[in-house]
Structure formats: structure tokens, C-alpha cells
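What follows is a short report on a single structure.
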Amino acid sequence: MNISTKYQPKEAEDKWYSYWMEHRFFRSVPDEREPYTIVIPPPNVTGVLHMGHMLNNTIQDVLIRRARMKGKNACWVPGTDHASIATEAKVVAMLKERGINKKDIGREKFMEYAWEWKEKYGGIILEQLKKLGASCDWDRTRFTMDEDLSEAVTDTFIHLYKKGWIYRGIRMVNWDPQGKTAVSDEEVIRKEVNQKLYYIRYAVTDGGFLTIATTRPETIMADTAICINPNDERYKHLHGQKAFIPLINKEIPIILDDYVDMEFGTGCLKVTPAHDLNDYELGIKHNLPVVDILNDDGTLNDKAQILVGEDRFAARKKIVPMLEEAGSLEKIEDYKSQIGFSERTDAVIEPKLSMQWFCKMPELARPALDYVLKGDIKLIPEKFVNTYRYWMENVKDWCISRQLWWGQRIPAWYLPDGQYVIAENGEEALEHAKLTTGNLEITIEDLRQEDDVVDTWFSSWLWPISVFDGFKDPNNDDINYYYPTNDLVTAPEILFFWVARMIMAGHEFRGELPFRNVYLTGIVRDKIGRKMSKSLGNSPDPLDLMEKYGADGVRVGMLFSSPAGNDLMFDEKHCEQGRNFANKVWNAFRLLKGWQVDDSLENKNEIAISWFKSRFNEALGEIESNFAQYRISEALMSTYKLVWDDFCAWYMEMIKPAYEQPIDKETYDATVSFFEGVLKILHPFMPFITEELWHDEDIFGQRSVQDCCIVAKMPEIGQIDTQLLREAEVVKELITKIREVRQTKKISPKESLQLSIKANSGISFGRFENIISKTANISNISPANNKIESAIAFRVSTDEFFIPIEEDLDTAAEIEKLQKEKEYLLGFLKSVDAKLGNDRFMQNAKPEIIENELKKKADAVAKLKIIEDNLRGLAG
RNA sequence: GGGAGCUUAGCUCAGCUGGUUCAGAGCAUCUGCCUUACAAGCAGAGGGUCACUGGUUCGAACCCAGUAGCUCCCACCA
């Protein structure tokens with residue numbers, strides 16, 4: 045047999061993925077079976093696979109493959125997200141490299157470039173998922189900007205507008221000066237940053253000075269007031285005075301408001317309504333003008349009067365010496381505070397007043413909260429329910445407009461007089477326009493469509509419905525069959541962005557929840573706990589990993605240490621462990637493949653066979669229960685131990701014929717069938733190696749084209765002989781003890797030994813004789829009625845064993861060992877007796893607990909007797 | 001500032017309704033083995049004040065209170 049001793053993943057992976065595709069095993073169409081559906085969290089269309097995707101999609105694939113093997117009609121819908129801000133940023137950067145400015149080429153031309161870019165780079169990530177083994181129904185691949193998905197966005201916008209839930213207004217929004225768009229509150233990430241607090245002196249009309257403290261000296265030109273607390277005794281003299289902004293010498297009023305914290309800074313606050321949310325509100329309250337000195341890209345405009353055209357951060361640097369020179373800078377202190385960053389571009393967010401579109405949330409949120417609170421939708425792990433609830437109860441209106449081109453354009457058309465109409469398209473808008481204005485002369489040229497597009501999440505919240513075409517054709521077979529979907533696997537980071545909104549959309553547009561279970565994965569971190577990121581360079585390339593350890597190895601590695609909701613400290617060692625496991629399975633296969641069957645031989649392995657059968661069924665139960673609780677890494681661990689320990693280390697050793705000896709047919713057949721079962725339970729975790737071995741003709745014969753592991757029927761839990769399992773544990777312990785004796789006495793495993801058994805427990809060791817002699821190299825097993833002289837004695841539970849040896853025994857050491865055990869047992873007995881003698885215990889403890897204590901006592905007494913007998917023997 | 005959660009072996013984590021014979025797993029470690037499936041392996045072993053302090057209970061890793069440390073989420077103090 046010249047098969048490599050190592051499993052070579054590469055070839056098998058390519059071969060079987062193509063085979064599955066070619067024979068359409070991933071394809072799902074509605075039929076009479078029960079559906080099991082997952083929609084993929086669509087990755088960014090221009091993204092590349094990172095470790096987070098690996099974890100996420102491995103879990104989804106495990107779930108979908110298991111469901112498929114359990115006879116469900118499994119459908120995993122893949123696709124990508126247009127990710128407006130991220131993708132647009134990339135396209136803008138690409139154009140810039142070619143010396144093209146977005147504004148110069150205009151919207152249409154820009155969109156052409158963007159689509160070109162999408163066609164070129166889009167979907168790379170989906171190809172990478174195939175390497176991982178993802179069994180998605182690729183025929184169903186969707187993109188959030190596909191025509192019908194975009195239509196759904198327009199339709200739902202109109203729907204919500206008609207309900208009065210969408211409105212337009214000037215608000216202070218989070219402005220991303222790099223993406224040049226507003227972003228929602230959820231897209232702002234706050235980070236603590238080391239800053240400076242600048243103390244700046246303003247001249248006052250009474251001839252004196254006041255000092256303010258600010259982190260943003262570059263915005264003083266936009267100040268429209270100085271605010272002090274009316275109760276601040278220090279500043280009573282300032283009441284009714286005016287102050288002058290340094291450098292530009294502009295006069296601004298000094299106003300009073302108890303919003304100002306007297307303890308902070310100097311107690312004087314510069315009020316800049318255009319560039320700070322609080323100041324904006326203060327400005328409204330005190331009727332202050334708004335002076336906006338910033339352009340959309342974060343540079344200063346001519347309203348600033350000085351430093352015009354400078355970027356806000358450059359301006360900050362430059363204004364400091366200017367203030368210093370003017371004698372207006374008192375001091376600079378180090379200061380730590382929270383600053384908002386754009387999730388997508390990482391630019392510092394600028395609070396900015398602008399006209400935006402909003403969606404009212406409370407009525408959408410209420411039913412979405414109920415689904416989760418009532419348990420119709422389960423969050424796994426449950427701890428996220430609290431967070432979810434808090435968010436849903438405090439939800440704010442959603443800023444849905446984005447000043448971008450890449451995305452679904454808001455279906456609003458402006459009339460020359462500034463009014464607008466909402467319509468599905470230009471023609472319909474024109475009709476509406478004629479109706480609202482009464483002016484029938486109006487033409488399409490008079491209308492101007494809103495430039496803004498909607499937030500990406502305003503399209504992806506429709507995903508579970510739109511992928512099944514549930515908007516255009518709400519009664520089609522697909523949506524009726526697959527919706528609601530079953531499980532959603534995603535990261536907790538987007539619980540609100542996406543999961544909550546999908547639940548809202550599901551309820552609002554379909555009257556039904558979108559999925560039943562949400563499995564929240566952890567964040568993949570490196571082994572010292574840092575989040576994996578491009579900038580840190582601590583993220584391995586998933587493709588390299590798969591190259592190195594095989595896709596199966598990496599899948600197993602990902603799952604080993606990732607309970608739901610817990611961050612995963614990724615360590616390449618886990619992949620190595622996964623690869624080693626694949627190799628273990630491979631070698632079990634090599635052993636089995638090498639056996640010759642001799643029909644004339646009788647089966648001496650009945651016990652081993654029934655033991656493994658029971659053990660397999662027992663493990664199936666554990667795996668089943670782990671999956672039912674979404675404890676996927678534990679399900680994998682149960683499988684791992686069953687295969688490695690029980691199947692390879694114990695069962696195969698029990699039945700293995702001597703070198704080059706044939707095996708009897710019954711044992712062989714049973715083993716082949718066990719191995720097939722092993723392949724099945726491993727398949728969801730390790731699809732490639734299992735499919736490869738499934739098709740070995742020597743072992744399994746010729747299989748039909750459709751007879752593949754991927755669609756094999758998952759074994760069902762059968763009979764479990766618990767008595768046998770219990771006895772086998774004792775036998776295994778006995779075997780381990782014998783091996784230990786060899787090790788301590790330096791007896792080679794090749795040298796066979798004799799064993800005498802004094803069975804006090806009632807276990808009939810006779811039926812395990814074959815197993816014991818084979819796995820512990822015992823030539824002869826005999827019953828013993830009494831203690832054997834000149835033998836190593838040991839016990840498992842209450843059964844006594846003796847191995848006769850030539851050399852003299854260290855009696856003193858034996859006695860000491862037994863004495864120690866005796867002492868321990870006496871102490872133990874004392875504690876049990878104390879319990880049993882305690883009236884309160886006897887009254888309060890459940891009957892089965894008391895029974896157990898009695899049994900413990902009886903066991904201890906029996907053992908004590910044996911030890912005392914032995915001690916007497918040794919002494920005598 | 002508010003909230004949630006965590007702390008169990010060197011590491012990563014289980015431990016379900018408080019009750020088996022000193023608390024489990026995987027990895028790592030140590031010892032002995034190239035024993036004809038596998039050294040990416042086999043056999044065996046060691047390793048813990050369950051964060052700390054107190055309480056409830058016949059009985060606490062588990063329930064309660066406090067303390068310390070860590071993590072995450074939310075929040076407009078310049």
C-alpha cells in the first residue's frame with residue numbers, strides 16, 4: 045500500500061468542490077421537505093476575506109451542511125453588499141490616482157467607473173469563500189444594488205413616506221469630511237484620544253479679559269457667544285458685557301446659562317453653534333446666529349476670515365502660534381477625551397448642520413423589540429437581549445440620506461419652488477408634481493431628483509426578503525417557502541445596524557420575523573488579545589492558512605475556541621491541531637483500507653463492536669444536544685474525542701488484527717459501517733477529507749454519482765447499553781493501570797504479562813478478555829480467589845488485580861501506599877457519616893441524594909475492607 | 001457618568017436545578033517509546049486556595065452582599 049502517511053488536502057479540495065458544484069448539491073429549490081435557510085451577512089463587494097469572515101462562514105457552513113444531512117432542504121443564500129461609503133471611497137481614490145476628480149466627471153460617468161470597479165473586484169470574496177468549502181446556492185447570489193433589490197429600496201422608501209415616517213429636515217449630523225457625507229449615530233465610533241486643552245483669552249468690552257478653555261482653537265472664528273453660568277460669582281462683572289474673538293476681533297455677546305459647568309476649565313464656554321451639538325442647542329435657546337466656517341471636506345471657508353483653505357487640523361496647528369503672538373494664549377494642558385471617528389473612513393467626525401432625510405423609528409422598533417423579548421427570535425448568547433432592549437427603547441430617528449453617488453438614489457424630485465414629491469420614477473414624479481401644483485405645463489426638465497442616496501443599511505435591512513424577491517412578487521414560491529429563515533450568523537457589532545433593522549423591516553414589510561435564531565460570533569483577536577486589523581498587520585491571510593493547513597484544518601481551528609459571543613483568541617496552533625486531526629482520520633482510513641478479509645475467521649470482537657456502537661450513540665446524543673444549544677465548538681470537541689479517542693485509540697486497537705493477518709468479515713463490516721458513521725458526523729466540520737474518503741472503492745465499493753457524503757443521512761441515535769459502557773470504563777482503567785505498571789516497572793510493552801483478577805464488583809471480566817490481552821499484552825487471565833503472592837497488586841474501584849513478577853516487591857512502600865489510601869477513606873467515611881447523621885440533611889436533602897450518600901458509604905466500606913485485608917496480608 | 005458581563009490548571013475554555021470518591025476538557029508541559037495506520041504519532045504522568053472577603057445553607061465554583069482587576073456597550077461636559 046503506497047498511500048502517503050499524510051493527508052494532502054489541496055487536490056481533494058479542488059476536486060470535491062468542483063464535483064459538488066457540477067452535481068448541484070448546493071442548489072435548493074422549494075419542495076416538500078422542511079426548509080432550512082440561512083442568508084449570508086453580505087460582505088462588502090470590494091472586500092477581501094478576513095478572519096472574521098472565516099469564523100462567520102465556517103459556522104454557517106457547519107449549520108447548513110448539518111441541516112442538509114438531516115434531510116432538510118438546506119438553502120444558503122450568498123451575496124454582497126454595495127457598501128456605499130466604503131466602495132465610493134475606494135473608487136474615488138482609484139480615480140484620484142488616475143488624476144480624475146469625482147466632481148469633474150459628474151454623477152453618470154462616476155457611476156460607470158464604479159460599476160466597472162465592482163465588476164472587476166466585486167465578488168473576489170465569494171470566490172475565496174468557495175475555498176473554505178462554503179456550500180452556498182451560488183445560483184441565488186445577490187447584490188444589494190441588483191435592479192430588483194434597488195427597486196425594493198425605492199418601494200419601501202415610498203411606503204414609509206406615505207406612513208409619514210420619513211421626513212426631511214435640518215439637523216446637526218455626524219459629518220464625515222473624508223467621505224463627504226453624513227453618517228448615522230451608529231456609524232460613529234468613539235475613541236479616547238490624547239488632546240490638548242487650549243486656554244484662550246478674549247478681550248471684554250469693560251477693558252478686561254476672560255479666558256475660555258477649548259480643544260478646538262481653530263473654531264473660535266465661528267463663535268457667536270461666550271456663555272457663563274449665571275451663578276458663577278467670579279464672573280458677575282461680565283454680565284451684559286461683550287467679548288472680542290481674538291485674531292479677527294469680532295464682537296460677540298456674553299450670555300448666561302446654567303448649562304455651563306463652573307467646575308470645568310475656566311467656567312467660560314465659547315459657543316460655536318455650527319460645530320458642536322450642545323452649542324447648537326444653546327444657540328437655538330439664545331437665538332444666536334450660526335456661523336459655519338467649514339467646507340464639506342473639513343477645510344476652512346472664507347467665513348473664517350483667516351486660515352481660509354486650511355484643513356481643520358492644519359488650522360489648529362497654525363492658529364496656536366498666531367494666538368501666542370497676539371498674546372491671547374494663556375496656556376496649553378494635556379487632556380484626554382472621546383472623539384468620534386467614522387466607522388468606514390476613520391476620519392474624525394465633524395458635527396455639522398445640514399439638510400438630511402430621516403426615518404422615524406419608535407413604531408418600527410416596538411414590534412421588533414417584542415419578537416426578541418417574547419423569545420420568538422432568540423439571540424445567542426442571551427446576554428445580548430439586554431443590550432438590544434436598551435437600544436430599542438432609546439432608539440433615535442435614523443438619518444438615512446448620504447451625500448454619495450454609489451447607492452440607491454432617494455426617490456424625491458424637487459419642483460422649481462422648492463417643494464418635493466416622492467415617486468417611483470421621473471414620470472410618476474411629474475404626475476405628482478402636476479397634481480400638487482395644479483400646473484399642467486410643468487415638464488420633466490423642471491424637476492430635479494434628490495442627489496443623495498440612502499444609507500447602505502436602508503437596503504441591507506431588506507436582505508432576507510429581497511433575496512427571495514419578496515417585494516416585487518410578495519407571493520412567490522421562494523419567499524413563501526424559505527421565509528422566515530432559520531438562523532442568522534453575524535457579529536455583535538452590527539446587532540443594531542443590521543439585525544435590529546432586519547427585524548423591523550421583516551415585521552413592517554412582511555408582517556413576520558425574518559429569522560428565528562441569531563448566533564452572534566465573537567471578534568477574532570490575535571493571541572495577545574488585540575483585534576485583528578490591517579493596520580496592525582496581525583491578521584494572517586486566510587488563504588495562506590488554508591494553503592498551509594488545508595481548509596478542513598482551518599475550519600476546525602476556527603471552531604475549536606469560539607463559543608458564541610466570546611471573542612476568539614486566534615492562534616495558528618489551533619489550525620495545526622485541525623490539520624493533525626485530519627491526518628488522524630486519514631490514517632485510520634489507511635489502516636482500514638489495508639485489511640484483508642478472511643471469511644472463514646470467526647468474530648472475536650463482539651464486545652468491542654457493541655461497546656463502540658453504544659459509545660457512538662452516546663456521543664451522537666452529546667453532539668445533538670450541543671448543536672441544539674448552538675454550542676458548536678463543544679459539538680466539535682465531542683466529535684473530536686469520539687473519533688480520536690474512542691474510535692482510533694480504543695476501538696481500532698481492540699479489533700486490529702496482528703500484522704499482515706486477515707480480519708473476520710463481521711468485524712470488518714461493522715468497522716466499515718462505523719467509519720462511515722464517523723465520516724458523516726465529521727462532514728459538517730471537515731467537508732473535504734470526509735468526501736474524499738467516502739468515495740474510496742476498496743472500503744465502500746462503487747458509489748453512485750449522487751451518493752455523496754454531503755447528502756448522506758446523518759446517523760440517528762440508536763440503542764445505548766449503559767451497563768456495557770460502564771463496565772468498559774472499568775476495563776479501560778484496568779488497561780491504563782497495566783500500562784502504568786509497565787512504565788513504572790520498566791517492563792517493555794512487548795513482554796507479555798499474566799493477570800489474575802479478583803472481581804468483587806460483579807463485573808464479568810471474562811467477556812473483555814480478548815480486549816484486555818490485546819491492548820495490554822496479557823498472555824493469560826485467570827481468576828484469583830485470594831491474594832497472589834509475589835505480584836504487583838492494584839485495584840480499580842473494588843476489583844483487585846495481580847500481575848505476578850519475578851523481582852522482589854517493595855513491601856514497605858506498598859504498605860505506606862495502602863495506609864495513605866486507608867486514611868483518606870476513613871476521612872471520607874467520616875464526612876459521609878456526618879452528613880447521614882445530620883437530621884437537617886436527612887430532612888432536607890432529596891431522596892436520591894440520600895440514597896447516593898448511602899451508596900458512597902457502602903462503597904467506601906467495601907474498599908476499606910479490601911485495603912485492610914491487603915494490609916494484613918502484607919504484614920503477615 | 002450609566003449599564004451589561006467576566007475572573008476556574010501555564011494558555012483557551014466547560015462546569016446545566018447548590019448534592020457522586022479531594023473540580024473537567026483541549027492545547028501546552030514532563031517521562032518513556034521510530035511498537036508495521038499515523039513522530040502531524042503512541043503510551044503514561046504531573047498540574048487548581050474555583051479573584052478576594054464575608055453571608056445564606058445540612059452542603060457553595062454555583063445563591064446573596066461587598067472589594068479588587070479586566071472586557072464590552074451606551075452617553076454632548078467645552
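Taking the working numbering, the leading residue of the first sequence gets 45, the next gets one more, and so forth.
Glycine is no exception: its CB is placed at the ideal position from the N, C-alpha and C atoms.
For residue i, the nearest candidate out of the options (CA to CA)
i      : options                        : result
Glu858 : Arg839, Asp843, Leu873, Leu870 : Arg839
Leu107 : Ala118, Met98, His97           : Ala118
Asp378 : Thr481, Arg623, Lys54, Tyr243  : Tyr243
Lys709 : Phe885, Ala477, Ser577, Gln640 : Gln640
Val248 : Gln222, Ala226, Lys294, Gly213 : Lys294
Lys628 : Val722, Glu704, Leu589         : Val722
Pro848 : Ile454, Ile836, His67, Thr855  : Ile836
Cys692 : Glu771, Trp450, Asn830, Thr819 : Thr819
Asp531 : Ser62, Ile103, Tyr63           : Ile103
Gly115 : Gly123, Asn824, Ser72, Asn829  : Ser72
Ile47  : Asn888, Ala803, Asp740, Asn804 : Asp740
Asn561 : Glu662, Ser194, Val416, Asp517 : Val416
Arg212 : Trp442, Thr734, Asn624, Arg659 : Trp442
Lys866 : Leu908, Ala702, Asn829         : Leu908
Asp570 : Phe559, Pro584, Pro558         : Pro584
Segment limits, alpha helix (DSSP H) that includes residue i
i      : result
Gly597 : 595–604
Thr766 : 766–789
Residue i versus residue j - alpha carbon distance
i      : j      : result
His727 : Gln447 : 47 Å
Pro79  : Ile509 : 15 Å
Leu635 : Val92  : 41 Å
Pro586 : Thr131 : 22 Å
Thr185 : Phe633 : 37 Å
Phe729 : Lys648 : 34 Å
Lys794 : Arg783 : 11 Å
Asp58  : Tyr51  : 14 Å
Ile444 : Met265 : 31 Å
Leu291 : Leu367 : 7 Å
Asn519 : His551 : 16 Å
Thr49  : Val568 : 33 Å
C-beta atoms of residue i and residue j nearer than 8 Å
i      : j      : result
Val315 : Cys271 : yes
Thr90  : Lys134 : yes
Ile822 : Leu797 : yes
Glu394 : Leu474 : no
Tyr527 : Arg554 : yes
Ala318 : Val335 : yes
Lys286 : Pro274 : no
Ser179 : Asp75  : no
Gly177 : Arg599 : yes
Ile816 : Leu769 : no
Met216 : Leu313 : no
Ala544 : Leu564 : no
Ile210 : Pro455 : no
Thr268 : Leu173 : no
Residue range of the unbroken beta strand (DSSP E) whose run includes residue i
i      : result
Pro508 : Here Pro508 belongs to no beta strand (DSSP E); instead the alpha helix (DSSP H) covers 507–510.
Gln400 : 394–403
Glu191 : Segment 191–206 is the alpha helix (DSSP H) holding Glu191; no beta strand (DSSP E) there.
Gly213 : 210–220
Where residue i sits in the DSSP three-state scheme
i      : result
Phe614 : coil
Thr855 : helix
Gly150 : helix
Gly384 : strand
Arg453 : strand
Asn46  : coil
Ala672 : helix
Gln863 : helix
Val227 : strand
Ser62  : helix
Leu918 : helix
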